[in-house]
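Take a look at the structure below.
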Amino acid sequence: MYAGDVHPHHAAEALTAEEDAVLVDVRTPGEWALGVPDHDEVKLVSWQFPDGTPNPDFLDQLAEAGIRPDQAIYFLCRSGARSQSAAMAATAHGFHKAYNVAGGFEGKHPTPGWRDLLPWRVPPPI
Numbered sequence: 002m003y004a005g006d007v008h009p010h011h012a013a014e015a016l017t018a019e020e021d022a023v024l025v026d027v028r029t030p031g032e033w034a035l036g037v038p039d040h041d042e043v044k045l046v047s048w049q050f051p052d053g054t055p056n057p058d059f060l061d062q063l064a065e066a067g068i069r070p071d072q073a074i075y076f077l078c079r080s081g082a083r084s085q086s087a088a089m090a091a092t093a094h095g096f097h098k099a100y101n102v103a104g105g106f107e108g109k110h111p112t113p114g115w116r117d118l119l120p121w122r123v124p125p126p127i
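Residue numbering for the sequence shown follows my numbering, beginning at 2 and increasing consecutively.
See below:
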C-alpha cells in the first residue's frame, strides 16, 4: 500500500510547507507538452510509455531525479490512475511517503489546467 490519496489543494499546500516534498508528474512527454504544474520541485518521470507499456526504468529515474526514499513524494498523472500505480510501486521499493494526487492533473470536471485551477504552465520543448 502507499501513503494515501490527497486532494490537489492538500498536495499544493504540502509542497509549499514541507521543505523536502517533491511533485512527480508521471504522465508522458506528449502530455507534458500541453502543460505541467507550475511548481519549483516538479519532476517529470513517465510511469508508462504512450503505448501503455510500463517504463522499466521508472524507479531508477526517480533516483536519477534526486528523489530520496525519505522524502514526501506526490505523484500526479492525468486522472489519478497511473499516479496511484506509481505510488504503489515506489512504496514497494522503500519510498514510504508516496502519495497519489487524487483526480490527477485534469480532475473530474472540464476546467483548464491543473485540477481546481491550481497553477500550471506550458514547459519549454523537451
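Backbone N, C-alpha and C define an ideal beta-carbon position, used for all residues, glycine too.
* So Gly5 is in the beta strand (DSSP E); what residue range does that whole segment cover? -> Position 4 of the sequence shown holds residue 5. Bounds of the beta strand (DSSP E) holding Gly5 are 5-7.
* To do: Could you give the DSSP three-state label for Phe76: helix, strand or coil?
  => Position 75 of the sequence shown, counted from the first residue, corresponds to residue 76. Phe76: strand per DSSP, three-state reduction.
* Asked: When DSSP builds the beta bridges, which residues end up paired with Asp39?
  -> For this step, residue 39 is matched to residue 38 along the sequence shown. The partner list for Asp39 (beta bridge, DSSP) is empty, contrary to what the question assumes.
* Asked: Taking buried to mean at least 16 other C-beta atoms within 10 Å of its own C-beta, is Thr54 buried or exposed?
  -> As a first step, residue 54 is located in the sequence shown; it is residue number 53 there, counting from the start. Under the 10 Å beta carbon count, Thr54 is surrounded by fewer than 16 other beta carbons and is classified as exposed.
* From what residue to what residue does the alpha helix (DSSP H) around Ala99 run? -> To locate residue 99, count along the sequence shown from 1; it is residue 98. Note, Ala99: premise wrong, no alpha helix (DSSP H); beta strand (DSSP E) at 99-102.
* To do: Put Pro55 into one of helix, strand or coil per three-state DSSP.
  => Within the sequence shown, the letter at position 54 stands for residue 55. DSSP, read as helix, strand or coil, puts Pro55 in strand.
* What is the residue span of the alpha helix (DSSP H) that Ser84 lies within? -> Locating residue 84 in the sequence shown gives position 83, counting from the first residue. 82-93 is the extent of the alpha helix (DSSP H) around Ser84.
* Asked: Nearest to Ala4 by CA position, among Ala88, Phe59, Ala15, Asp52, is which residue?
  -> Sequence index remark: in the sequence shown, residue 4 carries index 3 (1-based). If we check each option's Cα against that of Ala4, Ala88 comes out closest.
* Asked: Mind checking Glu107: buried by the 16 CB within 10 Å criterion, or exposed?
  -> Taking the first residue of the sequence shown as position 1, residue 107 is located at position 106. Per the 10 Å Cβ criterion, buried.
* Quick one, which of Val46, Leu16, Val23, Arg83 has its alpha-carbon nearest Pro70's? -> Mapped onto the sequence shown, residue 70 falls at position 69. Out of Val46, Leu16, Val23, Arg83, the CA that lies nearest to the CA of Pro70 is found in Val23.
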